[in-house]
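Residue numbers (this note's numbering): 147 to 515.
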């Protein structure tokens, strides 16, 4: 020990404390004793050499320091350093995680069609799966989906791969209340399974704060009758997963601005084909409408009327619509001897003839169903 408490100036005491902090992990309790000796018996500017009583106290503390150093040195061979302890704990944690992963893989191999690499993907997506108990968490959810929701083995496997968080959901407080809400909303019991398979995350939504509020929007904004609500949810469960107010408002505004369709008329199209609320405006609805306006050479009002009658049109991709237009065009070409044939700019760009519905026998716009 190069610094003796009796000979330290105030500045040297600061240096001594710095040295003590460096030695802290090696000498344990002796550091505390030395700090007491340094600060307790050496007031700033003081000199203990003139105080026999303090000198005696210091000698006792020095004996304690040496004893602690000797004990620490003797036990150092059997003591793990902090770094070693950290590494040991890390290895132990990895062993536990690997063991739990193997148990999950074994369980799903016996009770589902989920393969080992798919279990690893689920864990990579939701690491908290490794903290779940198979007996208390995983197994009850799997058995409930199979025995009470009547999912097939493959259907249940796809559902869990889509939404592994279901395994961490409480049956009593989350899953059962959501299924009961679907039944109360008049979703046919045989359709509940299909709703969950198509939109499994619906089971993770809060019934009071989310699902009931969205149902209220459908009833009030879309004027959906309560007896038709179950059919709407069964046909289009993803509606409940979106921002339904914004979704409906965007389509209201687009059809009103682009095709002059009043809201009450657009509601009829939704009732006939609820999925129209799911289709992207920029990628699906707008390109289809623009093509039909150009190729059929009809007014916006005429096209809007046909869309309200047959909104399922948007379930087809644009390429299929163009092919059907071409078939109808060929039929009219044969029937009217070419008088009904016209080429629109869209048809020229795609290398396909466009169709005008204004034939020699009359006018009007008719979609190729």
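Every residue gets a Cβ at the ideal spot worked out from N, C-alpha and C, and that includes glycine. Remember, it's a predicted structure, so these values are computed and weren't measured experimentally.
Own chain residues within Cβ distance below 8 Å of residue i, not counting five before or after
i, result
"residue 345", "383, 384, 386, 387"
"residue 381", "420, 421"
"residue 363", "390, 391, 394"
"residue 247", "265, 266, 269, 276"
"residue 186", "Note that residue 186 scores a pLDDT of 48, beneath 50, so its modelled location is shaky and nothing firm can be said."
"residue 467", "434, 437, 438, 459, 514"
"residue 353", "323, 324, 327"
DSSP three-state assignment for residue i, whether helix, strand or coil
i, result
"residue 468", "helix"
"residue 249", "helix"
"residue 445", "coil"
"residue 278", "coil"
"residue 406", "coil"
"residue 298", "coil"
"residue 348", "helix"
"residue 272", "coil"
"residue 222", "Low per-residue confidence applies at residue 222: pLDDT is 41, beneath 50, and the placement is therefore not dependable, though the value from the model is reported in the following sentence. Note: residue 222 maps to helix in three-state DSSP."
"residue 361", "helix"
"residue 135", "Because the chain here runs from 147 to 515, residue 135 falls outside it and cannot be looked at."
"residue 370", "coil"
"residue 412", "helix"
"residue 309", "coil"
"residue 420", "helix"
"residue 260", "coil"
"residue 331", "coil"
"residue 460", "helix"
"residue 255", "helix"
"residue 388", "coil"
"residue 215", "Here the model assigns residue 215 a pLDDT of 44, short of 50, so the residue's position is not dependable and the matter cannot be decided."
"residue 315", "coil"
"residue 519", "Residue 519 lies beyond the stretch modelled for the chain, which goes from 147 to 515, so this question has no answer here."
"residue 428", "helix"
Residue i and residue j closer than 8 Å at C-beta
i, j, result
"residue 288", "residue 258", "yes"
"residue 264", "residue 307", "yes"
"residue 376", "residue 334", "yes"
"residue 453", "residue 429", "no"
"residue 313", "residue 349", "no"
"residue 423", "residue 393", "yes"
Pick from the options that is closest to residue i, judged by C-alpha positions
i, options, result
"residue 310", "421, 444, 272", "272"
"residue 280", "306, 477, 296, 249", "249"
"residue 329", "304, 302, 378", "378"
"residue 277", "430, 392, 243, 376", "243"
"residue 425", "458, 305, 350", "458"
"residue 406", "392, 435, 430", "435"
"residue 355", "428, 241, 327, 367", "327"
"residue 302", "460, 341, 448", "341"
"residue 339", "460, 295, 365, 290", "295"
"residue 427", "396, 447, 445", "396"
"residue 391", "461, 282, 368", "368"
"residue 418", "433, 297, 371, 293", "371"
"residue 282", "245, 262, 466, 318", "318"
"residue 447", "432, 404, 325", "404"
"residue 256", "239, 240, 284", "284"
Other residues of its chain near residue i: CB distance less than 6 Å, five sequence neighbours each side excluded
i, result
"residue 343", "301, 305"
"residue 321", "315, 349"
"residue 531", "There is simply no residue 531 to check, as the chain begins at 147 and stops at 515 in what is shown."
"residue 291", "297, 302"
"residue 463", "none"
"residue 251", "262, 265"
"residue 351", "357"
Contacting residues, own chain, Cβ-Cβ under 7 Å from residue i (five flanking each side not counted)
i, result
"residue 461", "421"
"residue 450", "405, 406, 407"
"residue 347", "309, 387"
"residue 260", "254, 303, 306, 307"
For the 8 Å Cβ check, are there 3 or more pairs between the region 397-404 and the region 341-359? no
Within 8 Å, do at least three Cβ pairs link the region 410-423 to the region 439-448? no
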